[in-house]
């Protein structure tokens with residue numbers, strides 16, 4: 001679970017630092033016209049995905065939290081990759097918990113965002129929150145994650161395993 005929580009946060013912060021039109025790579029002049037166009041095309045998938053999510057019957061603004069959503073998606077992907085390649089990691093048995101270690105990783109990611117949100121929070125997410133709701137941080141990132149779909153045997157073309165998965169990094 002440490003990989004899921006700590007690894008995702010570190011991955012998230014690195015992606016935020018280097019990613020996007022305002023990140024280090026763009027400011028340092030590493031973006032070509034082609035890389036900018038590809039970033040915009042891949043980002044639009046995520047904008048469309050998050051635009052379709054709703055809070056209290058109102059659609060989210062997928063552009064508002066785009067850079068953070070890209071970082072949440074990429075962060076969990078990077079953390080899972082590190083977790084899978086750690087040769088010192090040993091499978092743990094957790095009595096009473098009928099989940100694989102890979103499933104526990106994604107459970108740990110979900111728990112990272114487990115919080116009781118204040119009653120006014122949903123409206124804030126719609127209008128001005130650049131991070132997005134905790135629920136959509138989990139649903140968005142995991143529904144785009146191929147490994148999540150595999151380890152939980154998610155049925156194809158369902159909300160947590162859509163045909164089109166958005167990836168930027």
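Numbering (the UniProt record's numbering), first residue to last: 1 to 169. Where a beta carbon is used, it is the ideal one built from N, C-alpha and C, also for glycine.
Item                                                                                                                                                           : Value
For the alpha helix (DSSP H) holding residue 85, just list the boundary residues, first then last.                                                             : 66-85
Can you list, in chain order, the residues of its chain whose CB lies under 6 Å from that of residue 62, leaving out five sequence neighbours each side?       : 47, 50, 51
For residue 158, which of helix, strand or coil comes out of DSSP?                                                                                             : strand
Thinking C-alpha only, which one of 15, 13, 132 is nearest residue 60?                                                                                         : 132
Determine the burial state of residue 148: buried for a count of at least 16 other Cβ atoms within 10 Å of its Cβ, exposed for fewer.                          : buried
Among 138, 100, 88, which has the Cα closest to the Cα of residue 115?                                                                                         : 138
Anyone know if the C-beta pair for residue 109 and residue 76 falls short of 8 Å?                                                                              : yes
Can you round the beta-carbon distance between residue 167 and residue 42 to whole angstroms, since I take them to be within the 8 Å contact cut?              : 7 Å
Since residue 101 and residue 91 should fall inside the 8 Å C-beta cutoff, what is the C-beta to C-beta distance between them, to a whole number of angstroms? : 5 Å
Return yes when the Cβ of residue 82 is within less than 8 Å of the Cβ of residue 15, no when it is not.                                                       : no
My output table needs one value for residue 101: the three-state DSSP class, helix, strand or coil.                                                            : helix
Taking residue 112 and residue 5 to be in contact with their CB atoms under 8 Å, please state how far apart those CB atoms are, rounded to whole angstroms.    : 5 Å
Quick one: Cα of residue 45 to Cα of residue 99, how far?                                                                                                      : 31 Å
Within this structure, are the beta carbons of residue 79 and residue 8 separated by less than 8 Å?                                                            : yes
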